[in-house]
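Novice: Pasting a structure here, questions to come.
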Amino acid sequence: MSDGKVAVLVDGSPLVLVFPAVFVDFLSSPEDYYVRFYFGTFIRMLRYIAFVIALFLPSIYVAMTTYHQEMIPMSLLTTLIAVRAAVPFPAVIEALLMEFTFEVLRKAGIRLPKPIGEAVSIVGALILGELAVSVGIVSNVMVIIVAFTGIASFVIPKYNQSISIRLLRFPLMILAGSTGLFGIITGFLFLLIHLVSLRSFGVPYFSPFSPLSLPDWKDSMVRFPIWTLRKKPEFMKKRSSKIR
């Protein structure tokens with residue numbers, strides 16, 4: 001409310017809608033303001049790093065192992081070749097198969113009762129991963145990549161943002177399997193253009209990065225001390241003046 005936003009409460013619903021919503025809102029959490037600013041900044045930077053890992057790590061692995069082996073150090077490349085020697089599928093099929101299996105296990109753990117769901121998620125991931133590696137369907141490196149990607153997606157505090165990232169991973173992996181890093185860059189540019197063109201009740205969704213507003217960076221990727229955050233963001237001031 002102090003940022004000039006509006007909260008909507010509905011009878012019978014435990015949720016509160018806050019608008020306008022911008023990109024940085026989905027990577028911030030109330031706990032950022034309960035700690036010192038340097039620790040809050042560290043937590044936010046971790047979230048942004050986890051965001052990049054959750055979105056791009058599988059596709060980068062597919063692109064590097066399929067088209068850009070010369071960019072991998074020789075010792076690591078030798079290990080990857082030895083690990084993937086018994087795998088009958090291309091890296092992109094392997095990644096898509098593992099991501100799909102991970103999503104199925106995630107949904108099964110959510111829908112089942114809590115004690116059973118947690119057991120199914122943990123035991124299912126361990127057993128299926130071990131069997132898939134021992135049979136030779138996937139490599140153990142791919143299991144590590146998918147597991148690390150899944151853990152990184154849990155760092156993102158907002159469920160809506162997390163599920164969007166999980167869905168976007170699939171077309172990025174397909175692009176990586178078809179044209180390598182060029183496909184990833186193309187997909188990223190299309191995604192960036194789409195995000196920049198979005199508006200939330202007239203406010204640019206990518207504020208304060210586009211349009212650039214340096215004073216508002218104090219509460220975006222970093223978190224300045226509380227006494228510097230008493231005024232609402234500049235992009236909200238501009239929107240409020242238009243409404244008047």
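One point on numbering: in my numbering, the residue at position 78 of the sequence shown is 78, and numbering is uninterrupted.
We put the CB at the ideal spot given by N, CA and C, even for glycine.
1. Determine, using beta carbons only, whether residue 136 and residue 67 come nearer to each other than 8 Å.
2. Measure the alpha-carbon distance for residue 130 versus residue 124 and round it to whole angstroms.
3. What does DSSP give as the partner residue(s) for residue 9 in the beta ladder?
4. Just tell me which of 52, 27 and 51 has its CA closest to the CA of residue 40.
5. Ordered along the chain, which non-local residues of its own chain (more than five positions away) have a Cβ less than 8 Å from that of residue 214?
6. Flag this pair as yes or no: are the beta carbons of residue 46 and residue 155 separated by less than 8 Å?
7. Quick one: what's got a C-beta closer than 7 Å to residue 259's C-beta in the same chain, skipping five residues either side?
8. What does residue 203 pair with, by DSSP beta-bridge criteria?
9. Measure the C-alpha to C-alpha separation of residue 71 and residue 178 and round it to an integer number of angstroms.
10. Could you name the residues of the same chain whose beta carbon sits closer than 6 Å to that of residue 91, not counting the 5 residues immediately before and after it, in chain order?
11. Is the region 139-146 in contact with the region 76-88, if contact means three or more CB pairs nearer than 8 Å?
12. Measuring only the C-alpha atoms, how far is residue 76 from residue 82?
Specialist: So, to answer that:
1. no
2. 10 Å
3. 16
4. 27
5. 208
6. yes
7. The structure shown has nothing for residue 259, since the chain only spans 1 to 244.
8. 200
9. 18 Å
10. 62, 65 and 66
11. yes
12. 10 Å
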